[in-house]
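See below for the structure under consideration.
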Amino acid sequence: MNERKFCSQPPNPNRMKYFLITILCFYLFTPLVKAQKVDKTHIPEWVNGIEVNETTNTKEEGAFSYLLIDLQDNLLKKEKYVHYAVKILNGDGVQELSDISASYDPDFQNLEFHTVNIIRNGLVIEKLTNTTINTYQRETNLERSLYDGSLTSVINLSDVREGDIIEYAYTISGFNPVNKGNYSSVFYQQYTLPVDRIYTRLLSNEDNEITIKTFNGATEPKKTKKGNLIEYIWDTPGLNNFIYDINTPYWYDNQSRVYVSTFANWEEVSELLYPLYKTEGANLDVPVEIDSSTDSEEDIIIKLIHFVQDEIRYLGFESGIGAYKPNKPSSVLDRRYGDCKDKSLLLSSLLQNQGITAYPILVNTRATRNMKELLPSHYLFNHCIVYLKHGGRTYFIDPTISNQGGSLARIATPDYKFGLILKENSKELTSIPKPNEPSLRIVEDILIDSLGGSATFTIKSEYTGNKADFMRSYFKNNTTESINKEYLNFYSSLYPGISSANKVSYIDDSRPWENIFTTNESYLVENIWSDSETDQGIYLETYAIVLDGLINYTKSAKREMPYYTSSPFNFEQVTRIMLPEPWNVNIPEIVIEDESFKYKKKIERIGNIISITHNYKLQEESIEGHTVSDFLTKHDKIRQQLGFQLTYDNLKNSESNLSWLSVFITVVSFMIGIILIMFLYKRYDPQPEGSKKLSIGGWLVLPAIGLVLTPFVLISQIFSEDYFNKGIWEGFSLAGYNNAGALNAYLGFELFYNILLLNFSILLILLFFKKRSSLPKLMTIFYGINLAMILFGSFVLNQSGIDDPTFGAEIFKAILSAGIWIPYFLVSKRVKETFVVMHNSKSEQADLLVNNLEKQF
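In this note's numbering, the protein residues as written are 1462 to 2318.
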């Protein structure tokens, strides 16, 4: 009988069970179970004796070859007879088959060995009589915190030689009492190793109606009836062994096989299991704090989900009926541990106590796609989750997954596809919707300090869905030191000179809602530039190393079987390189796609920043075999696009980056400015409106401070804007602006104006402190021109599609200055009585003094 336990790794019917070569470890590390005695008995009378054919029809390849697989089940006696014959082909086969074993559940089963023989050159050597049977408790799922209580009886054979045939047979008596007379199993007529003969027999009666369904060319049984007894026999050669391609999906099973079941429909399965999941009816203590004034129903649901997921430890004891019947929710709540059944029933009960519709629902973590094709059976389920209703919608929650985040609509549940709800009148499998696709968005900023120098490297990564859940668990279960080391080692393959600037940090403040988990990294990269091997230049290289790991798919030869890719996801990486100067980069957008995925690479350039964006979307978890070659070829092309290289040719011998155009504009503007200063200083000499010649004081102190600072601000601005860098004049063209010529003209005009304004500000300082009568009107011109030029510059850049966020503040300050100081210098009495000195009056006095001197001499 095919016994399966919930929450345990389901047996893999796709692979032949090899006898483990590490059985000796049981003697050293596993305690001997003395209370269980395994009998040596004769073969039961109901068994059809099948002789071993010593002549193999299979190719003698590998360590051993199966001559016979003989499986017979008796539903009336609740016994399972197992009979194997295996030929040893070499020394590895001797090592592997010198120990034979059989496992059973002592809560409801007994084990009896009937035959253990070595057949050598036609001679049968009987081994069972004088062989000791040792029994051990093996917990094969111990690493998954599951204890099934099964025992393994081991027989160690002596004097096993190459060419021997090992034949052994045993019977396991007893079916799990949870079955209540029901039966289901699967019989394989094709294994992954060659088998000479596969004999399968099933004994039943008219009271146990058997439904049979074959797959992939499996044969129908020979059915005979003797009185009330019904016999089903499949007797087939197993020479056409099935070889799986690499990377086949977990749900793919294409071997010839037969399913048998006494269940007529899923309703009968539900009627069998639902009574096991009924609670005792008592109210449970609410294990979380609930504020009725602020917590919505969804808030309460989320709190209870997180409690069961994070506070109830995953641990299961699944022997006997415990493999299918959960413990009482009150007991699980008290002891704070349980397996998937326990946690699901507890969560369902807590939700029900809050008036929320909720039930456990059984699922299969492996045969997800094929569930509706298979015959109804409780053995098809190996996991339990929770079904609930809220706000007119249904949700599915896996309480065994810890550290989950998000609202009900965003909680990530694996793609189980189908499940059986354990409630009254549950008649069909329920479809489980696909989970939301998780995403990962990475933003890298590389700030270059100089050409050929070093860089600061910062990374911000945003995870959603189950990727956020995984990262949350990762940061909770690892030390800060180990996390920093692992992250640093990850990028060291890309940048050998990398070192940590700060510890890796994370932000998890959206866990209850969007479920976005954000990490921040900061590094220093010494010598981020590399020397080119072909010339005297240098280059800087970036690479989407995370995406490379996600799409580094296993290679496969031509195939027909489906190919497993991964669970669908979305990925985006933006790498921004901030350079000391604009760069001549021109790469068209790249798109590679088919029905199962889409990739796009885009390069954007604005000024000194180059932005490289990689977008990848996986849309299907598996693809058809005939499309694999094209899929892998396209992903090889994608991986070739993940790198981006900036090359600076002949750095040491390169010409100067000085812009001679900027120098020319500066010289011309400066000369014009000198002429303007001389003209205004000597020729513009209006009559003063006052006569007192007051000292500079009062509100005049404020514009005086502004005037003194203006030349320094202008000089700093001229050099900070990098007007004299030759590359700045190429920036608009490199950024792809159609009106780059007009923008360059504006850039030249801006430099010209700033030089003139610098000269003009120096003139105003001289006139201000000489208290010249020309100062008031020239000051109003200064404030007015400043406002006009700022407005003009904002208009030009806005029309060109360039958004400068600083212009708003600059315009506000210019309007404020003009609005205050222009009226002040025009109407202020203090201004009129301060600026009264005329240039020509001083000249006339000097001329008179000269004339008097000439007369004296």
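The beta carbon of each residue, even a glycine, is placed where N, CA and C say it ideally should be.
Near residue 1924, which residues of its chain fall below 6 Å by C-beta distance, leaving aside the five closest residues on each side in sequence?
1901, 1932 and 1978
DSSP state of residue 1938, grouped into three classes?
helix
Status (buried if at least 16 other CB within 10 Å, exposed otherwise) for residue 2140:
exposed
At which residue ranges does the segment 1904–1950 contain complete alpha helix (DSSP H) runs of 4 or more residues, listed in the order of the chain?
Counting only runs of 4 or more residues that sit fully inside the segment 1904–1950, the alpha helix (DSSP H) segments are 1926–1938, in chain order.
Coarse secondary structure for residue 1998, derived from DSSP in three states
DSSP, read as helix, strand or coil, puts residue 1998 in coil.
Cβ-based burial, residue 1628 [other Cβ within 10 Å; buried from 16]
buried
Rounded separation between residue 2037 and residue 1903 - CA only
11 Å
Pick from 2145, 2016 and 2092 that is closest to residue 2053, judged by C-alpha positions
2092
Do you know whose CA, among 1546, 2121 and 2012, lies nearest residue 1517's CA?
Answer by Cα proximity: 1546.
I need the boundaries of the alpha helix (DSSP H) containing residue 2044, first residue and last residue.
In the DSSP assignment, residue 2044 falls outside any alpha helix (DSSP H) and carries neither an H nor an E.
Could you say which of 2094, 2142, 2273 and 1947 lies nearest to residue 2222 if we only look at CA atoms?
2142
Per DSSP, cross-strand counterpart(s) of residue 1824
1844 and 1880
Where residue 2105 and residue 1552 are concerned, what is the direct C-alpha to C-alpha distance, given to the nearest angstrom?
C-alpha separation (whole angstroms): 53 Å.
Contact set for residue 1863: own chain, Cβ-Cβ below 7 Å, skip 5 residues either direction
1770, 1771 and 1934
Check each candidate in 1501, 1557 and 1980 and name the one with the smallest Cα separation from residue 1587.
1501
Ranges of the alpha helix (DSSP H) found wholly within the segment 1694–1744, counting only runs of at least 4
1727–1734, all fully within the segment 1694–1744.
Buried or exposed: which applies to residue 2163, given that a residue is buried once 16 or more other Cβ atoms fall within 10 Å of its Cβ?
exposed
Using 8 Å as the limit for Cβ to Cβ distance, is residue 2258 near chain D?
Of the protein chains in the structure, only one exists, and it is not chain D.
Just reading off the beta strand (DSSP E) that residue 2058 is part of, what are its end residues?
2058–2067
For residue 2334, three-class secondary structure by DSSP:
Because the chain is modelled from 1462 through 2318, residue 2334 falls outside the range shown and cannot be assessed.
For residue 1529, which of helix, strand or coil comes out of DSSP?
strand
Taking the continuous beta strand (DSSP E) assigned at residue 2072, which residues delimit it?
2070–2079
Coarse secondary structure for residue 1617, derived from DSSP in three states:
strand
Excluding the five sequence neighbours on either side, which residues of its own chain have a C-beta within less than 6 Å of the C-beta of residue 2033, listed in chain order?
Only 1902 and 2076 meet the Cβ criterion.
May I ask you to verify whether the segment 1718–1730 touches the segment 1666–1675, counting CB pairs closer than 8 Å and requiring at least 3?
yes
Exposure label - residue 2301; buried when at least 16 CB within 10 Å:
exposed
Looking at the secondary structure, which residues open and close the beta strand (DSSP E) in which residue 1796 lies?
Residue 1796 -> not in any beta strand (DSSP E); alpha helix (DSSP H) instead, spanning 1790–1796.
Presumed contact (8 Å Cβ cut-off) between residue 2291 and residue 2159, rounded CB distance:
5 Å
Relative to the alpha-carbon of residue 2071, which residue among 1580, 1830, 2122 and 2040 has its alpha-carbon at the smallest distance?
2040
Counting along the chain, where does the beta strand (DSSP E) carrying residue 1579 start and finish?
1571–1581
DSSP three-state call for residue 1956: helix, strand or coil?
Correct three-state label for residue 1956: coil.
Around the C-beta of residue 2328, are 16 or more other C-beta atoms found within 10 angstroms, so that it is buried, or is it exposed?
This structure leaves residue 2328 out entirely; the chain is present only between 1462 and 2318.
On the DSSP letters alone, give me the boundaries of the alpha helix (DSSP H) that residue 1771 sits inside.
Its alpha helix (DSSP H) spans residues 1758–1772.
Give the DSSP-derived three-state secondary structure of residue 1503 in the structure shown.
coil
DSSP three-state label for residue 1463, please.
Only weak support exists for where residue 1463 lies, its pLDDT of 43 falling under 50; the coordinates are left without a value.
Can you look up residue 1692 in the DSSP assignment and give me helix, strand or coil?
It is a strand residue.
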